[in-house]
Amino acid sequence: MKKELTMKIVLWTLQEVVELGNRRERTMAMNILRNTYGHTPMSLAAVAGKKMKRFRSLLKENIEQL
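Written out as structure tokens, the structure is:
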């Protein structure tokens, strides 16, 4: 469970770098995704982006409830 959560956080972080980083950072993040998962990082990044969007909306809801 803990390892799975850590991997999700790493995936989300790499997705953020792909979206927001400069060219060198994006290339490094894409290479990490490609080497780690062995398939096209774009599809993986798209999945991670959707998860991150959902995570952010849940986070926003929880903050608003406080």
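The numbering of the sequence shown is the working numbering, which starts it at -2 and goes up by one. Using N, Cα and C, we set each Cβ at its ideal position, and we do this for glycine too. Values in this document were obtained by computation on a predicted structure and should not be read as measured data.
- DSSP, reduced to helix, strand and coil, places N32 within a helical segment of the structure shown.
- The C-beta of M27 has 16 or more other C-beta atoms within 10 Å across all chains shown, which makes the residue buried.
- Between L11 and L30, the gap from beta carbon to beta carbon is short of 7 Å.
- Annotation: K5 to R20 spans about 23 Å, alpha carbon to alpha carbon.
- One Cα belongs to K(-1), the other to K57, and the distance between them is close to 23 Å.
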